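Before any comments, here is the structure.
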Amino acid sequence: MITIEGYISKQIYANGDYKIYSFFPLAKYIDTVKLDPRYGNMSISGSMPDMYEEVLYKIDLEYSKKGKYDNYDVTKIYSTNKIDANITNKFLYSILTDTQAEELLKHYPDIVNMIIKNKPIDTKKLHGIKDKTMNIIKRKVVENFKLVELVEEYSEYGMTFTMMKNLYEAYSSVDMIKEKMEADPYTCLCKLNRVGFKTADKFIMNKFPQKINSIMRATACIDFILNDNENNGNTWISLVELYRQFKELAPEANTHFNDVISRNDEIYFNNETKRVANLRTYICEKEVCNKILAFKSIVGKSYDFDYRKYNEVEGCPITEEQTEILRNVCNDNLNLLVGYGGTGKTFSTKALINMLDDNMITYILMSPTGKASKVLARNSGRSASTIHRGLAYNPKEGFKYNENNKLPYDIVIIDEYSMIDIFLMRDLLRAVGGETKIVFIGDPAQIPSVSMGNVAFDMLQSKQLTTASLTKVFRYGEGGLSYVATKVRNGERYLDDSKAIQTYGSKKDYTFVNTPQDNTIKCVQSLYLNLLKKGATIDDIMVLTAMNKGEYGTNKINAIIQELVNPKTKDTKEVIAKRMSEEMIFRLNDKVMQIKNNYKAIDINAKDDDNEVSVFNGDTGIIIKVDKDTVTVNFEGKIIEYERGDLDQLNLAYALTIHKSQGSASKYVLLVTPKAHKFFLDRNLLYVAVTRAEDSLYHIGTVDVVDCALVKSQNFNRNTFLQEMLTEKQI
């Protein structure tokens, strides 16, 4: 290991906090390191803050070879203990325009020290620097001058710069971080940094071996197991299973197990059923149950409408099954409308809307995701929103519509409700007053929500709620998509392995291309280009596959389609982000998707300082600007700028995983099911994929892979309380 000082010249690469810089060491270190003979500099890489030109850095390095190039891995960055006027000036001029830096220094010449010491800064004095810019300055100052110091201080814990950033976001004070790290390092590492218990435990045992049999360690271990259980969709775990996992992770703290379970006020434990859960989750599920039962029991408004006159939609008669939801809405406060793909949920919804419109009944249409709300709006011919937007979610204040401020509508209609997790369901029900009716619409064959809970399944299986069930599949013989979706849902074989190309339906809207795995990508390219030549746009086409990684995953397919529709030219500006062993390239006009909820995104197009907005996992947009260090995306009017370190929030969106596609729809779908995905595919995933197509689906794969998937089914049962709560069983 060597320690040197020097200056960075430019950033070569960034993905989150992992960065590569070219670095010029001071003259006295030139003989210590290997320099690039062409430029006289060296390459350094690692988890680092944003670093700036003209700021002197002192760093520890270890030599490594990256292919044929010399490289140095950064193991430690030392803080700048003396932040004088010279350092302040250089730093500010490196992150601001000259005009902004001059204005700030005129009023606050010691601004860096002021930020570090948490002193108030009045932006009203400043011309051209408002709260948004000041927050950026504060973040960069803290990252460069204080968090680096903390990484140095807590190196014994194996703390990285990324971990320290997470702690700062949680506590927003360097002094508080120090206090918390000394008092309870398990909370800092496991709970707030999501470090796996084994990894965190190893760090802490090195520093405090005496904690091996501590109640602190036992608590952290149990908390980790409960959270991991929730990550798998469950809301409770059996005491026996919890203890089994605990003994594997922290057997030395075994004597504290019962005390933590019985005395920790954040844990729910039922001594009769021997079930354990996070108390906040149990309370949430109990509240959802109570609100559902309350809606069921309230004698609300009864609509004396002649619902039978709405038995025709767009000139087509609808069945008695389809009109049942109209009758139910007239009589009951809370209703379910459920049906498989092709059973007429859309026409039932349209008939309901027609009845409401004719009788001056106000309503709001919502879905869990942006894509699902677009489909709902398109199918209904009315405006629709996400649940978050419908409840007017604000990152600073939470939901505008809540238990104290109810939604001002007669009826709330929620589509794709199987995607709602238990916490979002609670927030939704809190915002609905007792005089308001609710209609939940969904497909019982859809896979459960990604997050915890099994709300749709539990509500339906409890058999306690008024339900209109659609069972007749329309256009079963005429529509290939309806025919195949039904076969897939039932796990019935439908392909002939002797045919290279098979089509179903009089409109030939389902086509199976039986092709070897190594021909899959060529087939995708050919079909995609043919659709574009026929007039389709990139928004009309959705490519679906089971995985993100690998030769047939979304990352690879996205890159291939990008080269078809948005190839690189000599004038192309692009930014490269690394995803594990793969690279993702972002270019102007690329279609992209947000893959993490960001409740504190900044809309740079906002006209005032109230520019904090939410961008949700699954939202899609178009890249409208690419600079050296930033990518700017238009999410339907919200203009969000991503620095290099934030690009882990984005993916290209030409191809999606089947999971990500749930709730969305596209005119044309290209479904890829290669042999490499045979282990991961089941009939539930195939069903979701097939039901995403509105016009035509082209299925590329081999018959044996499809046949294998048809005999496998996901277990929709999760360990949740809601179904038993609704049936008032002992839990």
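First residue of the sequence shown: 1225, per our numbering; consecutive thereafter.
All C-beta atoms, glycine included, are put in the ideal place defined by N, C-alpha and C.
Remember, it's a predicted structure, so these values are computed and weren't measured experimentally.
What does DSSP give as the partner residue(s) for residue i in the beta ladder?
i: Tyr-1617; result: Phe-1623
i: Thr-1856; result: Lys-1849 and Glu-1865
i: Ala-1801; result: Met-1808
i: Asp-1284; result: Thr-1227 and Lys-1300
i: Val-1737; result: Ile-1725 and Ile-1924
i: Ser-1937; result: For Ser-1937, which the question treats as bridged, DSSP gives no partner whatsoever.
i: Met-1766; result: Val-1893
i: Arg-1942; result: Paired residue(s): none; Arg-1942 is not in a bridge.
i: Ile-1268; result: Tyr-1245 and Tyr-1296
i: Tyr-1492; result: Ala-1501
i: Leu-1880; result: Leu-1768
i: Asp-1210; result: Shown here, the chain extends from 1225 to 1955; a query on residue 1210 therefore has no answer.
i: Ala-1655; result: BP columns for Ala-1655 are empty, so no partner.
i: Leu-1694; result: Gly-1563
i: Val-1962; result: Residue 1962 is absent from the model: the chain starts at 1225 and stops at 1955.
i: Ser-1609; result: Met-1590
i: Ala-1238; result: Lys-1243
i: Val-1636; result: Ile-1588 and Ile-1662
i: Asn-1790; result: DSSP lists no partner for Asn-1790.
i: Asn-1875; result: Met-1817
i: Thr-1844; result: Met-1817
i: Asn-1629; result: Asn-1626
i: Ile-1232; result: Phe-1247
The alpha helix (DSSP H) spanning residue i covers which residue range?
i: Glu-1948; result: 1946 to 1950
i: Thr-1505; result: 1503 to 1521
i: Phe-1385; result: 1385 to 1395
i: Ile-1360; result: 1355 to 1365
i: Ser-1591; result: No alpha helix (DSSP H) contains Ser-1591, which is instead part of the beta strand (DSSP E) from 1587 to 1591.
i: Thr-1710; result: 1704 to 1714
i: Ala-1601; result: 1594 to 1604
i: Met-1817; result: Met-1817 -> not in any alpha helix (DSSP H); beta strand (DSSP E) instead, spanning 1815 to 1818.
i: Lys-1661; result: No alpha helix (DSSP H) holds Lys-1661; the beta strand (DSSP E) holding it covers 1661 to 1666.
i: Val-1336; result: 1335 to 1340
i: Gln-1469; result: 1463 to 1473
i: Val-1484; result: 1481 to 1487
i: Asn-1455; result: 1439 to 1455
i: Met-1400; result: 1398 to 1407
i: Lys-1773; result: Taken as a continuous stretch (DSSP letters only), Lys-1773 belongs to no alpha helix (DSSP H), as it is neither H nor E.
i: Tyr-1752; result: 1744 to 1757
Would a C-beta distance cut-off of 8 Å place residue i and residue j closer than the cut-off?
i: Tyr-1531; j: Leu-1561; result: no
i: Ser-1693; j: Leu-1950; result: no
i: Ala-1442; j: Val-1500; result: no
i: Ile-1646; j: Cys-1508; result: yes
i: Ile-1990; j: Phe-1470; result: Here the chain covers residues 1225 to 1955 and nothing more, so residue 1990 does not appear.
i: Ile-1340; j: Val-1365; result: yes
i: Asn-1453; j: Ile-1446; result: no
i: Ile-1353; j: Glu-1327; result: yes
i: Asp-1294; j: Glu-1286; result: no
i: Tyr-1410; j: Met-1440; result: yes
i: Arg-1654; j: Asn-1618; result: no
i: Leu-1600; j: Asp-1556; result: no
i: Val-1816; j: Ala-1825; result: no
i: Gln-1886; j: Asn-1908; result: no
i: Phe-1664; j: Thr-1567; result: no
i: Leu-1652; j: Ile-1611; result: yes
i: Ile-1236; j: Ile-1244; result: yes
i: Leu-1371; j: Lys-1349; result: no
Quick check on the DSSP output: the beta strand (DSSP E) that includes residue i runs from which residue to which?
i: Ser-1673; result: No beta strand (DSSP E) contains Ser-1673, which DSSP labels as neither H nor E.
i: Val-1419; result: No beta strand (DSSP E) holds Val-1419; DSSP gives it neither H nor E.
| Every unbroken alpha helix (DSSP H) within the region 1882 to 1916, with a cutoff of 4 residues, ordered by chain | 1882 to 1885 and 1907 to 1914
| said: Quick check for students: name the residue ranges of the alpha helix (DSSP H) that lie wholly in the region 1523 to 1574, counting only runs of 4 or more. | reply: 1544 to 1555
| Are the region 1766 to 1778 and the region 1883 to 1894 in contact at 8 Å, needing three or more beta carbon pairs? | yes
| Using 8 Å as the Cβ pair cut-off and three pairs as the minimum, do the region 1772 to 1781 and the region 1915 to 1926 touch? | no
| query | On the three-pair Cβ rule with 8 Å, is the region 1881 to 1890 touching the region 1859 to 1871? | reply | no
| query | Is it a yes or a no for the region 1930 to 1938 touching the region 1480 to 1497, going by three-plus beta-carbon pairs under 8 Å? | reply | no
| said: When you compare the region 1630 to 1643 with the region 1655 to 1662, are there three or more beta-carbon pairs, one atom per stretch, that lie closer than 8 Å? | reply: yes
| Is the region 1529 to 1546 touching the region 1666 to 1682, taking contact as three or more C-beta pairs under 8 Å? | no
| field | Touching by the beta-carbon criterion (3+ pairs, under 8 Å), the region 1727 to 1738 and the region 1840 to 1847 | value | no
| query | Any chance the region 1235 to 1253 sits against the region 1262 to 1269, with 3 or more Cβ pairs inside 8 Å? | reply | yes
| Pairing CB atoms from the region 1316 to 1333 with CB atoms from the region 1801 to 1820, are three or more of them under 8 Å? | no
| task | Report yes or no: do three or more beta-carbon pairs, one from the region 1711 to 1720 and one from the region 1739 to 1753, lie closer than 8 Å? | result | no
| query | When the Cβ atoms of the region 1899 to 1906 are set against those of the region 1854 to 1861, are three or more pairs found closer than 8 Å? | reply | no
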